[in-house]
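Undergrad:
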Amino acid sequence: MIKFIISAFLVLTILIGTLVIYYWRDSNYDPSQMDLIWSFILLPISLCLLILSPYFIYKTIQYFRNKKLQQQKDQELSILIQQKEKQAANLAKQTAQHYTLNILSSAAWHCFGENEEIIQFMQQFRSPELDFQLSNNYGLPLLSYRITALDQWLEKTQNDDEDQSLILTTRERRIQQLIWQQLQQHEHSLQGISQQLKRSALFYESEFTYQYRIHPGWNPENLHENFNEKEDISHKEIETVVRLNRLNVYILLAENLIHTWDDQAFQTQLLQQLEDNYSFLADHLHIEFYYFSQPKAYASYIELLQEIAQQPGQANLIIMVDSEIDQDWLDEQLWQNEQYIASEYAASWCLTAEQVVLEVVPVLQKIRISTQIKELKNYLTEQQLDLAGQIEKEQAFVLLLDETKKSKNLHQLQQTFIPIGVHPEFFIYIQSFIGNTQCLGHIFGMMLVTQMRDNIITITYSLEQENTYIYCENKDLEKFEATALVA
Numbered sequence: 405m406i407k408f409i410i411s412a413f414l415v416l417t418i419l420i421g422t423l424v425i426y427y428w429r430d431s432n433y434d435p436s437q438m439d440l441i442w443s444f445i446l447l448p449i450s451l452c453l454l455i456l457s458p459y460f461i462y463k464t465i466q467y468f469r470n471k472k473l474q475q476q477k478d479q480e481l482s483i484l485i486q487q488k489e490k491q492a493a494n495l496a497k498q499t500a501q502h503y504t505l506n507i508l509s510s511a512a513w514h515c516f517g518e519n520e521e522i523i524q525f526m527q528q529f530r531s532p533e534l535d536f537q538l539s540n541n542y543g544l545p546l547l548s549y550r551i552t553a554l555d556q557w558l559e560k561t562q563n564d565d566e567d568q569s570l571i572l573t574t575r576e577r578r579i580q581q582l583i584w585q586q587l588q589q590h591e592h593s594l595q596g597i598s599q600q601l602k603r604s605a606l607f608y609e610s611e612f613t614y615q616y617r618i619h620p621g622w623n624p625e626n627l628h629e630n631f632n633e634k635e636d637i638s639h640k641e642i643e644t645v646v647r648l649n650r651l652n653v654y655i656l657l658a659e660n661l662i663h664t665w666d667d668q669a670f671q672t673q674l675l676q677q678l679e680d681n682y683s684f685l686a687d688h689l690h691i692e693f694y695y696f697s698q699p700k701a702y703a704s705y706i707e708l709l710q711e712i713a714q715q716p717g718q719a720n721l722i723i724m725v726d727s728e729i730d731q732d733w734l735d736e737q738l739w740q741n742e743q744y745i746a747s748e749y750a751a752s753w754c755l756t757a758e759q760v761v762l763e764v765v766p767v768l769q770k771i772r773i774s775t776q777i778k779e780l781k782n783y784l785t786e787q788q789l790d791l792a793g794q795i796e797k798e799q800a801f802v803l804l805l806d807e808t809k810k811s812k813n814l815h816q817l818q819q820t821f822i823p824i825g826v827h828p829e830f831f832i833y834i835q836s837f838i839g840n841t842q843c844l845g846h847i848f849g850m851m852l853v854t855q856m857r858d859n860i861i862t863i864t865y866s867l868e869q870e871n872t873y874i875y876c877e878n879k880d881l882e883k884f885e886a887t888a889l890v891a
């Protein structure tokens, strides 16, 4: 700014001086000392100030405006710091809270395979494959994590549901088939839940007795083989059973499906399937759809599990599904990212709160949710959990749910796990195997913890919840007894 003013003053001085000198020479004027001072000093300064006055006014206004904005920013920063200090103080005062869940059955599906196969191929660092059914903007095939077995499912069902296939997009049809496949994986658990719901209703709620008597699924000739009991369902002969009120079915989908997915139509189909195949009554079923966005998916899922852990007398089935294997959908994504890698995956848990015990279906694993854990090392010490045995096995047992390309993330992970003797060679990076279909990636990675049954202890972790830790301790591998901590 100073250079600009000096330059303007010098230019005006030279210009005015030149004009005055030529004028005095032509008019034979003999200037006095005051004439020289006025012409070469005062006049250039006056003109310079006059010409630059708008600039000075603008800079003055800008200065005070910036000063005011800076004061506002400082005030906001001060408030933010105070809030963080208050949150930190509240966090320090908070004690760890624990919730326990019983896992009755679990399943997962990915292009690598099902259940334990997924983890095995992840440990082998398997890459996406070239998908000749998908192409980019130049007509070249794309890389994808396509479940090829799902294509066969779709071919079988397409002829049966031609009308529905015309209405639904390719992505929606694939997601529907993934849900049906996951539902089949819990057949034994659902039959056991249905059996206990019937026994509980007949014992505690007499108004359902008639409904069960006329239900075709409970006709002795139509009972499933697993529950082919010759029992009289009269109220007098029913023994005391643990009360079970209903089955909650939670379908977790990506947020970008919220405007296209037909909740009502699919809910009707799902209810019909559960009534026909597993003999549920509609009054004992509650179906709910959740649409999660990527930034909030993990935290929202943890909250859902905490709610389930506090539900007495209820069984739950959680099915998480996402698929982007759809050319029309990919055409929209490729405009933003030409290297977009689509994938599809599904995972599901059939679970209850710790106090809910089923007579027919045993508990295979236990998930424990613990919040507000300040130091993982101290917590493991308090729980008398030793990682030495698992570390000696020299195989990966830590599922990391976050993107680890950022140095900041790696530094945080090292600060968390190095104190307990866990180094990067024990990590499995889930994000590396689901491409750009990331909306429900954290939930999928977290649900894979139930598939690592060969480990003594399995840990999952996400930087989105710094005080959240998930580990699974397998004490009896033959019986698949597991304890999982989610914090």
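For the sequence shown, position 437 (counting from the first letter as 1) is numbered 841 according to my numbering, and the numbering increases by one without interruption. Yeah, the Cβ is synthetic: ideal placement off N, Cα and C, and Gly gets one too.
Can you tell me which of the three DSSP states residue 846 falls into?
TA: To locate residue 846, count along the sequence shown from 1; it is residue 442. Correct three-state label for residue 846: helix.
Undergrad: In the DSSP assignment, find the beta strand (DSSP E) that holds residue 535 and state where it starts and stops.
TA: Here the question's residue 535 lines up with position 131 in the sequence shown. 533–539 is the span of the beta strand (DSSP E), which, as asked, contains residue 535.
Undergrad: Over what stretch of residues does the alpha helix (DSSP H) that includes residue 711 continue unbroken?
TA: On the sequence shown, position 307 is the one that residue 711 refers to. Run containing residue 711: 698–713, per the alpha helix (DSSP H) assignment.
Undergrad: Rank 784, 754, 776 by C-alpha distance to the C-alpha of residue 770 and give the top, closest one.
TA: The residue given as residue 770 occupies position 366 in the sequence shown. Of 784, 754, 776, the residue nearest in Cα terms is 754.
Undergrad: Is the beta carbon of residue 651 closer than 8 angstroms to that of residue 721?
TA: As a first step, residue 721 is located in the sequence shown; it is residue number 317 there, counting from the start. As a first step, residue 651 is located in the sequence shown; it is residue number 247 there, counting from the start. Their beta carbons are under 8 angstroms apart, which means residue 721 touches residue 651 by this criterion.
Undergrad: State the start and end residues of the unbroken beta strand (DSSP E) segment that holds residue 719.
TA: Numbered from its first residue, the sequence shown carries residue 719 at position 315. Residue 719 -> beta strand (DSSP E) spans 718–727.
Undergrad: Hey, quick one: how far does the alpha helix (DSSP H) through residue 748 stretch, first residue to last?
TA: If you number the sequence shown from 1, residue 748 lands on position 344. Looking at the DSSP string, residue 748 is not in any alpha helix (DSSP H); the run it does join, the beta strand (DSSP E), is 746–757.
Undergrad: Which residue spans inside the segment 754–786 form an unbroken beta strand (DSSP E) run of at least 3?
TA: Counting whole runs of 3 or more residues, the segment 754–786 contains the beta strand (DSSP E) stretches 769–775.
Undergrad: Check residue 452 in the structure and name its three-state DSSP category.
TA: If you number the sequence shown from 1, residue 452 lands on position 48. It is helical.
Undergrad: Between the alpha carbons of residue 653 and residue 511, how many angstroms are there, rounded?
TA: Stepping through the sequence shown from its first residue, residue 653 is reached at position 249. Stepping through the sequence shown from its first residue, residue 511 is reached at position 107. In a straight line, the C-alpha of residue 653 is about 15 angstroms away from that of residue 511.
Undergrad: How many angstroms separate the CA atom of residue 453 from the CA atom of residue 430?
TA: For the purposes of this step, residue 453 is identified with residue 49 of the sequence shown, where counting begins at 1. For the purposes of this step, residue 430 is identified with residue 26 of the sequence shown, where counting begins at 1. Their Cα atoms are separated by approximately 29 angstroms.
Undergrad: What did DSSP end up calling residue 658 once you bin it into helix, strand or coil?
TA: Sequence index remark: in the sequence shown, residue 658 carries index 254 (1-based). The answer is strand: DSSP assigns residue 658 an E or B state.
Undergrad: What residues in its chain sit with their C-beta under 7 angstroms from that of residue 409, if we drop five residues either side in the sequence?
TA: Numbered from its first residue, the sequence shown carries residue 409 at position 5. Excluding residues within five positions, the ones whose Cβ falls inside 7 angstroms are 456.
Undergrad: Expressed to the nearest angstrom, what Euclidean distance is found between the alpha-carbon atoms of residue 825 and residue 600?
TA: Counting from one through the sequence shown, the residue named residue 825 turns up at place 421. Counting from one through the sequence shown, the residue named residue 600 turns up at place 196. Taking the straight line joining both Cα atoms gives about 45 angstroms.
Undergrad: According to DSSP, what are the bridge partners of residue 502?
TA: The sequence position of residue 502 within the sequence shown is 98, counting from 1. DSSP lists 774 as partners of residue 502.
Undergrad: Cα separation between residue 407 and residue 422?
TA: Position 3 of the sequence shown, counting from 1, holds the residue named residue 407. Position 18 of the sequence shown, counting from 1, holds the residue named residue 422. Approximately 22 angstroms, taken between the alpha carbons.
Undergrad: Relative to the C-alpha of residue 544, which residue among 742, 420, 438, 781 is closest?
TA: As a first step, residue 544 must be located in the sequence shown, where it is residue number 140. Out of 742, 420, 438, 781, 742 has the C-alpha closest to the C-alpha of residue 544.
Undergrad: For residue 862, count the other beta carbons within 10 Å of its own beta carbon; 16 or more makes it buried, fewer makes it exposed. Which is it?
TA: Your numbering for residue 862 matches position 458 in the sequence shown. Residue 862 is buried by the Cβ-count criterion.
Undergrad: What does the alpha-carbon distance come out to for the pair residue 657 and residue 461?
TA: Stepping through the sequence shown from its first residue, residue 657 is reached at position 253. Stepping through the sequence shown from its first residue, residue 461 is reached at position 57. About 57 angstroms.
Undergrad: For a test of the three-state rule: what should DSSP assign to residue 596, helix, strand or coil?
TA: Position 192 of the sequence shown, counting from 1, holds the residue named residue 596. Residue 596 falls in the helix class under three-state DSSP.
Undergrad: Taking only three categories from DSSP, how would you classify residue 632?
TA: In the sequence shown, counting from the first residue as 1, residue 632 sits at position 228. Because residue 632 sits at a pLDDT of 45, beneath the cut-off of 50, its placement in the model cannot be relied upon, and the point is left open.
Undergrad: Which whole-angstrom value is the C-beta distance of residue 682 and residue 594, which I expect to be below 8 angstroms?
TA: In the sequence shown, residue 682 corresponds to position 278, counting from 1. In the sequence shown, residue 594 corresponds to position 190, counting from 1. So it is a contact: roughly 5 angstroms between Cβ atoms.
Undergrad: Tell me whether residue 740 is buried or exposed, calling it buried when 16 or more other Cβ atoms sit within 10 Å of its Cβ.
TA: One-based indexing of the sequence shown puts residue 740 at position 336. The residue in question, residue 740, is exposed, as its Cβ has fewer than 16 Cβ neighbours within 10 Å.
Undergrad: Going by beta-carbon coordinates alone, are residue 723 and residue 655 separated by less than 8 angstroms?
TA: Here residue 723 is taken as the residue at index 319 of the sequence shown, counted from 1. Here residue 655 is taken as the residue at index 251 of the sequence shown, counted from 1. Closer than 8 angstroms, so yes.
Undergrad: Using C-beta distances below 7 angstroms, list every residue in its chain close to residue 608, excluding the 5 sequence neighbours before and after it, in chain order.
TA: Here residue 608 corresponds to residue number 204 of the sequence shown, with the count starting at 1. Hits under 7 angstroms: 647.
Undergrad: I want to know whether the segment 770–781 touches the segment 502–511 - three or more CB-CB distances under 8 angstroms.
TA: Result yes; three or more Cβ-Cβ pairs closer than 8 angstroms.
Undergrad: Spell out a yes or no on whether the segment 798–811 and the segment 846–860 are touching, meaning 3 or more CB-CB pairs, one atom from each, closer than 8 angstroms.
TA: Yes, the segment 798–811 touches the segment 846–860.
Undergrad: From this set, 799, 832, 788, which residue's C-alpha is nearest residue 808's C-alpha?
TA: Counted from its first residue, the sequence shown places residue 808 at position 404. For the residues 799, 832, 788, the minimum Cα distance to residue 808 belongs to 832.
Undergrad: Any idea if residue 418 is buried or exposed, counting beta-carbon neighbours within 10 angstroms, 16 or more meaning buried?
TA: Indexing the sequence shown from 1 puts residue 418 at position 14. Residue 418 comes out exposed.
Undergrad: Residue range of the beta strand (DSSP E) that residue 549 falls in?
TA: Here the question's residue 549 lines up with position 145 in the sequence shown. Per DSSP, residue 549 belongs to the beta strand (DSSP E) from 545–549.
Undergrad: Report the rounded CA-to-CA distance for residue 694 versus residue 688, giving the unit in angstroms.
TA: Counting from one through the sequence shown, the residue named residue 694 turns up at place 290. Counting from one through the sequence shown, the residue named residue 688 turns up at place 284. Spanning the two alpha carbons is a distance of roughly 20 angstroms.
Undergrad: Would you grab the beta carbon distance between residue 719 and residue 597 for me? Rounded to a whole angstrom, and I think it's under 8 angstroms.
TA: Within the sequence shown, residue 719 is the residue found at index 315, counting from 1. Within the sequence shown, residue 597 is the residue found at index 193, counting from 1. Right, the Cβ-Cβ distance comes to about 5 angstroms (below 8 angstroms), so this counts as a contact.
Undergrad: Just checking my contact of residue 547 with residue 555 at CB under 8 angstroms: how many whole Å lie between their CB atoms?
TA: By 1-based counting over the sequence shown, the position of residue 547 is 143. By 1-based counting over the sequence shown, the position of residue 555 is 151. At roughly 17 angstroms, the Cβ-Cβ gap does not stay under 8 angstroms, so residue 547 and residue 555 are not in contact.
Undergrad: What is the residue span of the beta strand (DSSP E) that residue 573 lies within?
TA: Residue 573 sits at position 169 when you count from the first residue of the sequence shown. Here residue 573 belongs to no beta strand (DSSP E), and DSSP marks it neither H nor E.
Undergrad: Please report how far the alpha carbon of residue 726 lies from the alpha carbon of residue 468, in whole angstroms.
TA: The count along the sequence shown starts at 1 and reaches residue 726 at position 322. The count along the sequence shown starts at 1 and reaches residue 468 at position 64. Whole-angstrom Cα-Cα distance: 53 angstroms.
Undergrad: Which residues share a DSSP beta bridge with residue 652?
TA: As a working note, residue 652 is residue 248 in the sequence shown. Partner(s): 690, 720.
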